[in-house]
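These protein sequence lines map, in sequence, to chains U and A. For the record, in the first sequence the residue sitting at position 53 is 55 according to our numbering, with numbers rising by one throughout. For the record, in the second sequence the residue sitting at position 221 is 704 according to our numbering, with numbers rising by one throughout. Where a beta carbon is used, it is the ideal one built from N, C-alpha and C, also for glycine. Structure first, commentary second.
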Amino acid sequence: MESQQLVTIIPWTFIAQILNLFIQVYLIKRFLFKPINEVLKKRQEAADKDIQEAKKAKEAAEAVKTEYESSMSDARGEANRIIEDAKKDANLRAEELIKEAEQHASSIKAKAEEDIRLERKKALNEVKDEIGSIAMDIAGKVVEKEIHEDEHKALIDEFLQNVEEAS
Amino acid sequence: MNFDISGAKIFLKIPTGIPFLGDFLLSETLVVSWIVMAIITGLCIFLTRNLRVENISKRQAIAELIVESANNLVRSNTGGTKFDKMIPFVAALFGTSIVSNLISLTGLRSPTADLSTEAAWALTVYVIIIANKIKAGGVIGFLKGFTQPIPVMTPFNILSDVATPISMACRHFGNILSGVVISGLIYASLTIASSAVLGLIPGVVGDFLSNIPIFAVGLPAIVGFYFDWFSSAMQAFIFTMLTIMYIANAAEG
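See the structure below:
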């Protein structure tokens, strides 16, 4: 069989090889790069979609969390306010009670003092009368004579006046 | 025994009558090239069957690996996605080159052991380089580039430009041809040595043994490993890398 030379360029082979190269480029593009790149693109899109969804979910979760936190802090504030109010009420009430009690006590004390004063006056008057009559009796017995009642009365009053002043 | 190395066998001669181009030769080179193309295309079709987005098969993983490495190679060497259109071309060049080189393992003659093949590829690459240069700087910019840095350099610049495809073609062709020549030489010399040494044995035994190239077992396989596997892959890679580099450089202006 005939052979071509070892180192030579055959024009038709040269042209055919250029065409072969371009046919090969087309074939490799059509059967390898196009389908594989499509799949890679699809996978990329799927991954991107997943990431987007995850981001969205995260944002929603953040929103819920913020809402929860704000409502929690609201509730805490409310609770604090209620406790504060209750404390204030309680303090007010306690002060009122104490004041009332003090008033009551002082009124009782005043009444007691008044009573004591009246009792004392009454006792004093009684003593005064007693002493007067006793003095009349003693004087009558001592003098044994008829003394004009009016003179005696004046005399006794004077005496009693002296006694009162002395007491 | 005579040892001679000839070019690709010619199966059929079709006269075309066109001057300069001569006869169309249906040579071993072309037939094996078509086989190579069939192998690559068949492999592509096989690898991309039943493509799925999730839960991919091993075949698809390999196909994706090939595509991604081609993308990465081109993108990392050109800096960006500007040359994405070139990726299938680069991949086809590399694939054809490496399969053509490795097909010599099956006993077929590599299409790359014919200078026509490499010359065709190198010229194609050269045309793309020039097209990119013109695209980057315009026709005037392209022509002006030859006078840089000083006008005296013009002849040398033209020479170095023309040398690009020639060196690319000859480098690849030379490596593959040297492999063919050296492998053939070693094989032939060992056969001769075998028959000479074993022919010393007297009688029928010597005559019989001297016809079997016993010495040719072993060493050609080791040498073949270098030339068929290492050099093949290396040359395909070098040719592809040079293509990418030249085109990226050309586009930078």
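Taking a contact to require three or more Cβ pairs closer than 8 Å, the stretch 555-572 of chain A and the stretch 713-733 of chain A qualify as touching. By the rule that beta-carbons nearer than 8 Å mark a contact, I53 (chain U) does not touch chain A. Beta-bridge partners of L509 (chain A) (DSSP): A:L495.
Here the alpha carbons of K57 (chain U) and A49 (chain U) stand approximately 12 Å from one another. The C-alpha of L692 (chain A) is placed about 35 Å away from the C-alpha of S715 (chain A). With respect to the 8 Å criterion, S666 (chain A) and I697 (chain A) are not classified as neighbours on the basis of their beta carbons. For the 8 Å CB-CB criterion, L23 (chain U) and A575 (chain A) form a contact. For secondary structure counted as the alpha helix (DSSP H) over 4 or more consecutive residues, the stretch 533-565 of chain A holds these complete runs in sequence order: 541-561. Distance between E115 (chain U) and M138 (chain U), taken at the CA atoms: about 34 Å.
Taking C-beta atoms as the reference points, Q26 (chain U) and I523 (chain A) count as a pair closer than 8 Å. Collapsing the DSSP output to three states places S489 (chain A) in coil. For E61 (chain U), no CB of chain A lies under 8 Å from its own CB, so it is not counted at the interface with that chain. Cβ proximity to chain U below 8 Å picks out C527, I528, L530, T531, L534, R535, V536, E537 from the stretch 525-538 of chain A. Residue-level contact by beta carbon holds for V550 (chain A) and chain U, with a gap shorter than 8 Å. Those residues of the stretch 13-24 of chain U placed with their C-beta closer than 7 Å to a C-beta in chain A are P13, W14, T15, F16, A18, Q19, I20, N22, L23, ordered along the chain. CA-CA distance, A544 (chain A) to T600 (chain A), rounds to 32 Å.
For T595 (chain A), the CB contacts under 6 Å within the same chain, skipping 5 residues up- and downstream, are S583, N584, I659 in chain order.
If you check the CB distance, T647 (chain A) and Y609 (chain A) come in under 8 Å. The Cβ atoms of T499 (chain A) and F507 (chain A) lie closer than 8 Å to each other. Note on geometry: alpha-carbon atoms of A62 (chain U) and K43 (chain U) lie some 28 Å from one another.
Taking a Cβ-Cβ threshold of 8 Å, none of the residues of chain U is close to T595 (chain A); the smallest such distance is about 10 Å.
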